[in-house]
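J.:
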Amino acid sequence: MVDINKRVFWHLTLKDILSILCSAAIPIALAIYTAIGAQQQKKEAEKTRQFDLERAEILRQQILYDEFINNIFKLDNYGYLKEKKNPWAFANAYYRAAHRQWDTIRKADVIQF
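Every letter in the sequence shown is one number past the one before it in full-length UniProt numbering, and letter 57, counting from 1, is 57.
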């Protein structure tokens with residue numbers, strides 16, 4: 001005869017099944033919540049990184065442009081852009097220097113060559 005007080009592995013009551021499911025559901029729900037949160041943070045971090053890269057490129061170009069304009073203004077103030085002097089020697093040098101810094105793709109190709 002089977003002893004009812006002895007527990008058999010596969011003879012679970014409804015209460016036992018529900019307690020097992022509830023105890024397993026909380027960690028599973030937390031794991032899913034954490035995974036979804038991590039994915040969202042990763043997407044936001046990538047968007048922020050891309051935005052920062054674009055802003056940094058724009059800022060670098062703006063600084064380069066401002067320096068070029070400032071150098072040409074100094075040449076004009078010091079009289080190097082007048083007809084009696086060789087007006088385009090320094091201006092062309094400044095333009096070439098700014099253009100080389102601006103064109104990073106070509107600069108990278110030259111370095112690789």
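Glycine included, each C-beta is placed from N, C-alpha and C at the ideal position. Remember, predicted model here, so these are calculated numbers, not experimental data.
Check the Cβ-Cβ distances between S23 and every residue of chain C, and say whether any is below 8 Å.
T.: The chain labelled as chain C is not found in the depicted structure, where only one protein chain is given.
J.: So the alpha helix (DSSP H) T13 belongs to, where does it begin and stop?
T.: Reading the sequence shown from its first residue, position 13 is the one you call residue 13. Where T13 is concerned, there is no enclosing alpha helix (DSSP H), given that its DSSP letter is neither H nor E.
J.: Can you tell me whether DSSP reads E57 as helix, strand or coil?
T.: Start at 1 with the first residue of the sequence shown, and residue 57 comes out as number 57. E57 falls in the helix class under three-state DSSP.
J.: Classify A21: buried if its beta carbon has 16 or more other beta carbons within 10 angstroms, exposed otherwise.
T.: By 1-based counting over the sequence shown, the position of residue 21 is 21. Sequence inspection shows Leu at residue 21; the Ala mentioned does not correspond to that position. With fewer than 16 Cβ atoms within 10 Å of its Cβ, L21 is classed as exposed.
J.: How is Y65 classed by DSSP in three states: helix, strand or coil?
T.: Against the sequence shown, residue 65 aligns to sequence position 65. Correct three-state label for Y65: helix.
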